[in-house]
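Just so you know, the sequence shown maps onto residues 76 to 525 in the numbering used here.
Structure, as structure tokens:
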Amino acid sequence: MRTDSPLKLPGSIAIRNGRVVDAATGFDGSADLLLENGLISAVGDVPPDRSDAEIDATGLVVTPGLIDMHVHLRQPGFDAKETIESGTAAAAAGGFTTICCMPNTRPTLDSQESLELLHERIEREAIVHVLPIAAISVGRLGVKAVDYGQVVAAGAIGFSDDGDSCDDPGIMIAALEASKELDRPVMVHCEDKALMGGSMHEGDVSARLGLKGLPALAEERFLERDIELAARTGGWLYALHVSTGTGIEMIRQAKASGVHITAEAMPHHLTMTDEWVAGDRRLVNVDEPVGPAGLPADPNTKVNPPLRPLRDTELLLAAIEDRTFDIVATDHAPHAASDKIAGQFETAAFGLSGLEFGLPLMLALVRAGRIDYLDLVRLMSLNPAQVLGSERGRLAAGAPADITIFDPNDEWIVDAERLRTKSVNTPLIGMPLKGRARYTIVDGELRFAA
Ligand SMILES: [Zn+2]
């Protein structure tokens, strides 16, 4: 990570009068924080004149830095979509102090060499922590297993062929065996290629629009296989972007029977339905103003796994509430405008821009009373830190000073011109949202201020 701060606020920082939320201790109340030498040095009362700089957090919420476990940074290989520089700027603006980047780059992140090259770039350009995920199979081709020990030694925090499932059960078993030894998760994108070929959820809406659908079964069949392999090997399975009610029920049961599984949900699967593909712009499960209706088959509603029917969103949210889900991440998947041409839904790339919308969408669930701030911090900071084996994700004296300060009441309209990401592939453009980051602090340095 770059060590020169783009926003100069050197030395120690006192954060005063904020509502401080720390899921590690269950604390949600008024407190001050003192940051010194890149660490949190005090939580509670901070005497006056103790710091070089002050942030008045009156009316704001102060949390451990948010951690996004699922980001596509596109570098190396696809610089037109996103770069480490633009992607980490979007992360900081979205309140994230750490992001984990997926290996579906060119070249694939599947070797010590590819990870070392990426690290050099991260050192030069990133303004938040970037932790890479290595592939499960070499080139993500599903033919040969990656050398898992080697890529972990080179800094990989997990293994994933995300964008594809790894069809070869032998490679999956090798990865799950390695996950035990290396204590790193196998992060699975579940999708049966034999059932693919569609462009949105297969159901009433796809039939109405005349679009070929992606059946829920395509996700659930491979999730079932991967749960079984995790059960048999005792390995650590991390289920990426679980999007169906049946899928999360399978995980609930697997967890109850002792399978080591971490479950990840996306804000868009909790708050948007397949009706968005038909042009609807109502966020579901929340009590929020409605955006202007969109055009049917807007490529910016095309994502994989697809937006699902209302019933699935409700079952996913119930699994957030009963803690079957461990993590909320964005699956930030930037694509250039040429990958998302209006009128060409079926050939458009899958994926939504996410880093700058994850926090506002989760805050809508807080306002609706579906989760509270402690849940939000647990799902977006504490639990991700635990997966990473990191001391971040908490506000204890001595912990790294990664802090997110957000204004839960800031009302804003999503404006493509003002986003930090290079790719504005989201159906939220033009919509009103409420709440966003005001200050993002990484290792005691201010990296974003609004
Ligand atoms: Zn995926």
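Built from N, CA and C at the ideal position, the CB exists for glycine as well.
Simplified DSSP assignment, three categories, for residue i
i      : result
Ile246 : helix
Ser413 : helix
Lys268 : helix
Ser116 : strand
Phe400 : coil
Lys255 : helix
Phe297 : helix
Asn375 : helix
Trp351 : helix
Ser281 : helix
Thr163 : helix
Pro139 : strand
His145 : strand
Leu108 : strand
Ala305 : helix
Leu391 : helix
Arg493 : helix
Glu157 : coil
Ala132 : coil
Arg357 : coil
Thr501 : coil
Ala98  : coil
Gly55  : Examination of residue 55 is not possible in this model, given that the chain is present from 76 through 525 alone.
Leu286 : coil
Thr346 : helix
Straight-line Cα distance separating residue j from residue i
i      : j      : result
Asn360 : Leu392 : 8 Å
Pro260 : Ala99  : 22 Å
Ala491 : Val499 : 6 Å
Thr321 : Ala368 : 30 Å
Glu31  : Ser161 : In the structure as shown, the chain begins at 76 and stops at 525. Residue 31 is therefore absent and cannot be evaluated.
Asp253 : Ala372 : In the sequence as presented, Asp is not what sits at residue 253; that position holds Ala. About 42 Å.
Ile272 : Gly288 : It is worth fixing the name first, because residue 272 is Gly in this sequence and not Ile. So the two alpha carbons sit approximately 8 Å from each other.
Ile211 : Ala412 : 30 Å
Arg181 : Leu190 : 12 Å
Arg77  : Gly354 : 41 Å
Pro374 : Asp107 : 45 Å
Leu390 : Ala293 : 18 Å
Pro427 : Thr501 : Strictly speaking, residue 427 in this sequence is Leu, with Pro absent from that position. Their Cα atoms are separated by approximately 5 Å.
Ile246 : Arg215 : 11 Å
Trp351 : Pro364 : 15 Å
Pro475 : Leu114 : 4 Å
Cys176 : Glu157 : 12 Å
Ala165 : Asp406 : 13 Å
Thr308 : Leu451 : 32 Å
Glu277 : Glu299 : 19 Å
Leu440 : Glu188 : 42 Å
Pro290 : Glu266 : 10 Å
Leu457 : Arg356 : 31 Å
Asp143 : Arg125 : 32 Å
Leu148 : Pro435 : 21 Å
Asn484 : Arg511 : 8 Å
Thr479 : Ala269 : 43 Å
With 16 other Cβ atoms within 10 Å as the buried cut-off, status of residue i
i      : result
Gln150 : buried
Ile202 : buried
Gly505 : exposed
Lys219 : exposed
Thr422 : exposed
Ala331 : exposed
Glu195 : exposed
Gly140 : buried
Ala525 : exposed
Ile488 : exposed
Lys68  : The question about residue 68 has no answer, for the chain in this structure spans 76 to 525.
Thr138 : buried
Asp127 : exposed
Ser235 : buried
Arg453 : buried
Leu184 : buried
Pro244 : exposed
Arg493 : exposed
Glu466 : exposed
Lys415 : buried
Glu486 : exposed
Q: Quick one: which unbroken beta strand (DSSP E) runs of 3-plus residues sit fully inside the stretch 172-233? Chain order, please.
A: 204-207
Q: Could you say if the stretch 253-267 and the stretch 219-232 meet the contact criterion of at least three C-beta pairs nearer than 8 Å?
A: yes
Q.
Considering only heavy atoms of ligand 2 and the C-beta of each residue, which residues fall inside 6 Å, strictly closer?
A. In the structure shown, ligand 2 is absent; the only ligands present are ligand 1.
Q. Is the stretch 393-402 touching the stretch 467-476, taking contact as three or more C-beta pairs under 8 Å?
A. no
Q: For the stretch 114-129 and the stretch 143-159, state whether three or more C-beta atom pairs, one from each stretch, are separated by less than 8 Å.
A: no
(Q) Closer than 8 Å is the cut-off here; do at least three beta carbon pairs connect the stretch 277-286 with the stretch 300-315? (A) no
Q.
Count Cβ pairs between the stretch 157-177 and the stretch 511-522 that sit closer than 8 Å; are there 3 or more?
A. yes
Q: May I have a chain-ordered list of the alpha helix (DSSP H) segments no shorter than 4 residues that lie completely inside the stretch 400-480?
A: 433-442, 448-452 and 458-463
(Q) Using 8 Å as the cut-off, can you tell me whether the stretch 380-388 makes contact with the stretch 338-351, which would need three or more C-beta pairs spanning the two stretches below that distance? (A) yes
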